[in-house]
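Read through the structure below, which is laid out as structure tokens, and then see the notes.
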Amino acid sequence: MEAVEVEEITRVFEPRRRSGTRVVALEEVSLTVPTGEIHGLLGPNGAGKTTLVKILSTVLLPTSGKARVLGHDVVDETEAVRPLIGIVFGGERGLYWRLTGRQNLEYWGALYKLSSRGAKARAQQLLERVGMVDKADERVEEYSRGMKQRLHLARGLMGDGKVLFLDEPTTGMDPLAAREFRSLIGELRDEGRTILLATHDMVEAEMVCDRVTLIDRGKVIATESPRTLGQVLSRFQRIDVEGVPPAVLDEIRAMRGVMSVTAVDGAGTRIEVDEEGATQLVLERLVDAGATSVRTSLPSLEEVYVQLIGERGMEI
Amino acid sequence: MRGLLAGFRLELHVVRANPDSLIPLVTAPLFAIIFLAIVRQGGRSDLEPDALMAPVLMSLWWIALVQAGSMITADRWQAVLEPLIAAPTSLASVLVGRIAFLMCVGLLSFFEVWLAGWLIFGVSIPFEHPLELALTLAATALAMAGAAVAFAALFVMTRNAYTFINSASFPFYVLGGVLVPVAYLPDWIEPVSSVLFLSWSADLLRATLKEPAVDDFWGRLGMVLVLGAITFVLGRAILFYVLHRMRAKGELATA
Ligand SMILES: Nc1ncnc2c1ncn2[C@@H]1O[C@H](COP(=O)(O)OP(=O)(O)O)[C@@H](O)[C@H]1O
Ligand SMILES: [Mg+2]
Numbered sequence: 001m002e003a004v005e006v007e008e009i010t011r012v013f014e015p016r017r018r019s020g021t022r023v024v025a026l027e028e029v030s031l032t033v034p035t036g037e038i039h040g041l042l043g044p045n046g047a048g049k050t051t052l053v054k055i056l057s058t059v060l061l062p063t064s065g066k067a068r069v070l071g072h073d074v075v076d077e078t079e080a081v082r083p084l085i086g087i088v089f090g091g092e093r094g095l096y097w098r099l100t101g102r103q104n105l106e107y108w109g110a111l112y113k114l115s116s117r118g119a120k121a122r123a124q125q126l127l128e129r130v131g132m133v134d135k136a137d138e139r140v141e142e143y144s145r146g147m148k149q150r151l152h153l154a155r156g157l158m159g160d161g162k163v164l165f166l167d168e169p170t171t172g173m174d175p176l177a178a179r180e181f182r183s184l185i186g187e188l189r190d191e192g193r194t195i196l197l198a199t200h201d202m203v204e205a206e207m208v209c210d211r212v213t214l215i216d217r218g219k220v221i222a223t224e225s226p227r228t229l230g231q232v233l234s235r236f237q238r239i240d241v242e243g244v245p246p247a248v249l250d251e252i253r254a255m256r257g258v259m260s261v262t263a264v265d266g267a268g269t270r271i272e273v274d275e276e277g278a279t280q281l282v283l284e285r286l287v288d289a290g291a292t293s294v295r296t297s298l299p300s301l302e303e304v305y306v307q308l309i310g311e312r313g314m315e316i
Numbered sequence: 317m318r319g320l321l322a323g324f325r326l327e328l329h330v331v332r333a334n335p336d337s338l339i340p341l342v343t344a345p346l347f348a349i350i351f352l353a354i355v356r357q358g359g360r361s362d363l364e365p366d367a368l369m370a371p372v373l374m375s376l377w378w379i380a381l382v383q384a385g386s387m388i389t390a391d392r393w394q395a396v397l398e399p400l401i402a403a404p405t406s407l408a409s410v411l412v413g414r415i416a417f418l419m420c421v422g423l424l425s426f427f428e429v430w431l432a433g434w435l436i437f438g439v440s441i442p443f444e445h446p447l448e449l450a451l452t453l454a455a456t457a458l459a460m461a462g463a464a465v466a467f468a469a470l471f472v473m474t475r476n477a478y479t480f481i482n483s484a485s486f487p488f489y490v491l492g493g494v495l496v497p498v499a500y501l502p503d504w505i506e507p508v509s510s511v512l513f514l515s516w517s518a519d520l521l522r523a524t525l526k527e528p529a530v531d532d533f534w535g536r537l538g539m540v541l542v543l544g545a546i547t548f549v550l551g552r553a554i555l556f557y558v559l560h561r562m563r564a565k566g567e568l569a570t571a
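So the sequence lines, in the order shown, correspond to chains C and A. Residue numbers for the first sequence, in my numbering: 1 to 316. Residue numbers for the second sequence, in my numbering: 317 to 571.
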């Protein structure tokens with residue numbers, strides 16, 4: 001059985017005020033996540049990731065379309081869906097700040113129908129897992145942001161959900177915590193869980209996912225393997241330089257793999273490369289020409305999208 | 317059942333963490349002193365029990381309205397409402413558990429006014445019909461819990477919490493005959509009052525503290541319970557409606 005099936009889900013937000021605008025957050029989105037997969041939902045801000053995650057977790061109704069979790073409809077069979085899912089809605093949500101970490105977890109354990117003893121044991125186990133045992137009996141309001149996030153994650157796991165929805169779980173985490181978190185995702189999969197991970201971070205999606213669905217402005221653009229994504233990432237590079245004579249720039253413009261050379265404000269120039277290996281050649285030429293302050297960076301997700309969409313001849 | 321218990325324990329922790337939410341327990345003895353002073357000044361010692369019971373009912377009603385009433389709204393602001401809805405336990409049962417704890421706390425005001433009356437004026441609660449009194453208090457707390465579910469649901473829908481609290485507190489103390497028996501009020505109020513469990517509670521509570529045998533006790537207690545149950549069923553229906561509407565509009569979260 002598929003863990004998650006989404007069939008042509010559309011979600012429209014009607015304006016709250018007369019002056020507001022109508023937002024089509026999802027437009028006929030379809031995707032399938034087989035059991036045991038870590039599936040990425042990758043898209044820039046406003047793409048509709050959270051909206052989809054909320055619909056799948058039964059807290060938001062779709063405008064049209066169907067979605068099922070382990071075979072159960074998320075609108076008509078919420079009672080069957082809810083015990084099967086765990087949700088981590090990013091940041092520090094879902095916690096009572098005046099209560100201690102442990103009290104919070106035990107409360108959620110009871111809501112997931114654990115016995116009092118079962119909830120205590122599971123809370124302790126998860127506190128250990130997220131490294132929060134020391135602080136477990138302090139009030140959440142005393143926690144740092146990172147600690148709240150870890151507790152929030154433990155909260156999402158209290159129910160022992162078979163399908164986990166993680167919405168930008170590493171936003172705002174320091175790199176070390178984010179790395180630990182990613183290895184935790186792997187462990188969760190090894191326990192047989194299915195994970196849908198919404199993120200705007202290409203590198204994260206590439207690192208942890210088995211497959212990645214790219215979405216933008218409410219539409220699915222493609223479902224890719226992380227390898228394809230990795231290739232895209234290593235192919236596209238952006239180089240910002242200053243102090244390069246115009247003649248050299250013309251020369252670079254003509255080089256193989258160079259997509260564009262544009263002046264950016266002041267003396268700077270941005271060179272965009274879309275072929276593996278080309279970056280190296282461009283950099284060498286720049287250094288020869290005595291360029292100052294050479295910086296390379298990854299393109300933004302939006303830019304990668306533009307490329308992918310361009311190649312596929314798709315329209316937005 | 318587990319939801320009820322979870323709610324009960326949660327509220328215990330919440331109240332322990334913010335004791336200032338128990339203002340009604342501070343005001344109840346003060347109101348008792350004021351009301352006792354008034355009836356004694358008027359030479360109506362026969363009304364002393366009435367003066368003592370009014371603050372108890374006011375405390376229970378205030379806790380149901382304000383503390384319990386704001387629960388869902390507070391959960392929404394704390395971003396707890398969404399995960400709560402996504403959990404397999406029904407929100408209604410958690411809510412009832414939380415309210416039940418608050419009602420137990422509210423009943424403490426009974427002992428407070430007893431103590432305050434005795435310490436300040438040497439007036440004790442006349443336990444003429446103790447069993448009937450205990451049952452009336454219990455039935456009243458249950459009915460209040462039913463009303464609190466309705467309050468919590470209505471609270472989420474109202475834009476202005478103050479307007480809601482003001483219009484649902486003192487007017488109901490009057491309509492419910494909490495301060496003054498409905499029989500002393502203009503006749504047109506009576507039909508309105510008679511559908512409020514509060515007026516039945518208030519009358520019955522006063523009757524259990526007076527010497528003559530309580531007239532039709534079981535029938536009147538039944539009215540408190542039935543009207544309370546109707547309030548609860550209505551409240552639950554409003555709650556389901558409100559939650560469904562929030563899921564449809566995407567309003568379970570604040571941002
Ligand atoms: N509750 C809501 N009410 C109105 N508009 C919303 C609501 N939630 C999301 N939107 C809009 O829907 C679009 C998609 O948002 P979202 O799903 O949060 O995107 P993402 O999670 O990918 O950043 C955005 O334009 C956002 O403003
Ligand atoms: Mg989002």
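Yeah, the Cβ is synthetic: ideal placement off N, Cα and C, and Gly gets one too.
Is C:Thr213 near ligand 2 - that is, is its Cβ less than 7 Å away from at least one heavy atom of it? Counted from its first residue, the first sequence places residue 213 of chain C at position 213. It does not: the Cβ of C:Thr213 is nowhere closer than 7 Å to a heavy atom of ligand 2.
What does DSSP give as the partner residue(s) for C:Phe236 in the beta ladder? Counting from one through the first sequence, the residue named residue 236 of chain C turns up at place 236. Residue pairing from DSSP places C:Phe236 in a beta bridge opposite C:Asp274.
Could you confirm whether any beta carbon from chain C is found closer than 8 Å to the beta carbon of A:Gly544? Here the question's residue 544 of chain A lines up with position 228 in the second sequence. So no, A:Gly544 is outside the interface.
Neighbour-count burial assignment, C:His152, 16 or more Cβ in a 10 Å radius: Taking the first sequence and counting its residues from 1, one reaches residue 152 of chain C at position 152. Flag for C:His152 reads buried.
Indicate whether at least one CB of chain C lies closer than 8 Å to the CB of A:Asn482. Here residue 482 of chain A is taken as the residue at index 166 of the second sequence, counted from 1. False, the Cβ-Cβ gap to chain C never drops below 8 Å.
Leaving out five residues before and five after C:Met255 in sequence, what residues of the same chain have Cβ atoms less than 8 Å from its Cβ? Indexing the first sequence from 1 puts residue 255 of chain C at position 255. Around C:Met255, the same chain offers Ala278, Leu281, Val282, Arg285 as residues with beta carbons nearer than 8 Å, after the five sequence neighbours per side are excluded.
Any heavy atom of ligand 1 inside 7 Å of the beta-carbon of A:Arg566? Translated into the one-based positions of the second sequence, residue 566 of chain A becomes position 250. Note that residue 566 of chain A is Gly in the sequence shown, not Arg. Checking the 7 Å criterion, the Cβ of A:Gly566 is within range of a heavy atom belonging to ligand 1.
Does C:Ala324 come out as helix, strand or coil in the three-state DSSP assignment? Since the displayed chain C opens at 1 and closes at 316, residue 324 of chain C lies outside it and no answer follows.
Which residues of chain A have a Cβ atom closer than 8 Å to the Cβ of C:Ala355, listed in chain order? Outside the modelled stretch of chain C, which goes from 1 to 316, sits residue 355 of chain C, for which no answer is possible.
heavy atom of ligand 1 below 7 Å from C:Asn45 C-beta: As a first step, residue 45 of chain C is located in the first sequence; it is residue number 45 there, counting from the start. Checking the Cβ of C:Asn45 against ligand 1 gives yes.
Partners in chain C for A:Gly538, counting only beta-carbon separations shorter than 8 Å: By one-based count along the second sequence, residue 538 of chain A stands at place 222. Within chain C, no residue comes near A:Gly538; the closest Cβ sits about 34 Å away, beyond 8 Å.
With hydrogens ignored, establish whether the beta-carbon of C:Thr269 is closer than 7 Å to any heavy atom of ligand 1. Numbered from its first residue, the first sequence carries residue 269 of chain C at position 269. False, no ligand heavy atom lies under 7 Å from that Cβ.
A:Thr456 versus A:Leu512: straight-line alpha-carbon distance, rounded: Within the second sequence, the letter at position 140 stands for residue 456 of chain A. Within the second sequence, the letter at position 196 stands for residue 512 of chain A. Roughly 11 Å between the two C-alpha positions.
Considering only residues of the same chain and omitting the five flanking positions on each side of A:Gly544, which have a CB-CB separation below 6 Å? As a first step, residue 544 of chain A must be located in the second sequence, where it is residue number 228. If the five residues before and after A:Gly544 are omitted, its C-beta is found closer than 6 Å to the C-beta atoms of Leu458, Ala459, Gly462, Phe513, all from its own chain and listed in chain order.
Rounded to whole angstroms, what's the CA-CA distance from C:Thr58 to A:Ala402? Just pull it up for me. Start at 1 with the first residue of the first sequence, and residue 58 of chain C comes out as number 58. Start at 1 with the first residue of the second sequence, and residue 402 of chain A comes out as number 86. Approximately 6 Å between the Cα atoms of the pair.
Run of the beta strand (DSSP E) containing C:Glu28, from where it starts to where it stops: Along the first sequence, one-based indexing puts residue 28 of chain C at 28. Counting along the chain, the beta strand (DSSP E) containing C:Glu28 begins and ends at 23-34.
Using the DSSP secondary-structure output, state which residues sit across from C:Leu41 in a beta bridge. As a first step, residue 41 of chain C is located in the first sequence; it is residue number 41 there, counting from the start. In the DSSP assignment, the residues bridged to C:Leu41 are C:Ala198, C:Thr213.
List the residues of chain A that C:Lys113 touches, going by C-beta distances under 8 Å, in chain order. As a first step, residue 113 of chain C must be located in the first sequence, where it is residue number 113. Arg318, Pro404, Thr405, listed in chain order.
When you compare the CB of C:Ile9 with every CB in chain A, is at least one pair closer than 8 Å? Here residue 9 of chain C is taken as the residue at index 9 of the first sequence, counted from 1. No - not a single Cβ of chain A is within 8 Å of the one on C:Ile9.
Quick one: residues in its chain with C-beta nearer than 6 Å to the C-beta of A:Leu521, no 5 flanking neighbours on either side, listed in chain order? Counting from one through the second sequence, the residue named residue 521 of chain A turns up at place 205. These residues qualify, in order along the chain: Met369, Thr452.
Using a Cβ-Cβ cut-off of 8 Å, state whether A:Val329 counts as contacting chain C. By one-based count along the second sequence, residue 329 of chain A stands at place 13. The residue asked about is misnamed: residue 329 of chain A is His in this sequence, not Val. Interface criterion met: the Cβ of A:His329 is under 8 Å from a Cβ in chain C.
Can you have a look at A:Asp366 and say buried or exposed, based on whether 16 or more other CB atoms are within 10 angstroms of its CB? Residue 366 of chain A sits at position 50 when you count from the first residue of the second sequence. Buried: at least 16 other Cβ atoms inside 10 Å.
Simplified DSSP state of C:Arg227, which is helix, strand or coil: In the first sequence, residue 227 of chain C corresponds to position 227, counting from 1. Helix.
Can you tell me which of C:Gly257, C:Ala110, C:Leu42, C:Phe13 puts its alpha carbon nearest to the alpha carbon of C:Ser64? Here residue 64 of chain C corresponds to residue number 64 of the first sequence, with the count starting at 1. The shortest Cα separation from C:Ser64 among C:Gly257, C:Ala110, C:Leu42, C:Phe13 belongs to C:Phe13.
Run the proximity test for C:Lys49: is its beta-carbon closer than 7 Å to any non-hydrogen atom belonging to ligand 4? Of the ligands one can find in the structure shown, namely ligand 1 and ligand 2, none is ligand 4.
Please tell me whether C:Gln103 has its Cβ less than 8 Å away from any Cβ of chain A. Taking the first residue of the first sequence as position 1, residue 103 of chain C is located at position 103. Answer yes: the Cβ-Cβ gap between C:Gln103 and chain A drops below 8 Å somewhere.
Output, in chain order, the set of chain C residues within a Cβ distance shorter than 8 Å of A:Leu568. In the second sequence, residue 568 of chain A corresponds to position 252, counting from 1. Simply Val59, Leu60.
Tell me which residue opens and which closes the alpha helix (DSSP H) that C:Phe13 is part of. One-based indexing of the first sequence puts residue 13 of chain C at position 13. Not the alpha helix (DSSP H): C:Phe13 falls in the beta strand (DSSP E), residues 2-13.
Along the alpha helix (DSSP H) that carries A:Leu512, what are the first and last residues, could you check? To locate residue 512 of chain A, count along the second sequence from 1; it is residue 196. A:Leu512 -> no alpha helix (DSSP H), and no H or E assigned at all.
Tell me whether the beta-carbon of C:Val90 lies closer than 8 Å to the beta-carbon of C:Thr213. As a first step, residue 90 of chain C is located in the first sequence; it is residue number 90 there, counting from the start. As a first step, residue 213 of chain C is located in the first sequence; it is residue number 213 there, counting from the start. The sequence given here has Gly at residue 90 of chain C, not Val. C:Thr213 is positioned such that its CB atom lies no closer than 8 Å to that of C:Gly90.
Among C:Arg295, C:Ala136, C:Asp288, which residue has its Cα nearest to the Cα of C:Ile271? As a position in the first sequence, residue 271 of chain C is number 271, starting the count at 1. Taking only the C-alpha atoms, the option nearest C:Ile271 is C:Arg295.
Based on DSSP bridge pairs, tell me the residues matched to C:Lys66. Along the first sequence, one-based indexing puts residue 66 of chain C at 66. The partner list for C:Lys66 (beta bridge, DSSP) reads C:Glu7.
Helix or strand or just coil, what does DSSP make of C:Met259? By 1-based counting over the first sequence, the position of residue 259 of chain C is 259. Of the three classes helix, strand and coil, the one that applies to C:Met259 here is strand, per DSSP.
Could you give the residue range of the beta strand (DSSP E) that holds C:Thr296? Taking the first sequence and counting its residues from 1, the one referred to as residue 296 of chain C is at position 296. 292-297 is the span of the beta strand (DSSP E), which, as asked, contains C:Thr296.
Closest residue to C:Ala25 among C:Arg129, C:Glu7, C:Lys49 (Cα-Cα distance): As a first step, residue 25 of chain C must be located in the first sequence, where it is residue number 25. When only C-alpha atoms are compared, the closest one is C:Lys49.
Exposed or buried, what is A:Gly493 when buried is set at 16 or more other beta-carbons lying within 10 Å of its beta-carbon? The residue given as residue 493 of chain A occupies position 177 in the second sequence. Around the beta carbon of A:Gly493, 16 or more other beta carbons lie within 10 angstroms, which makes this residue buried.
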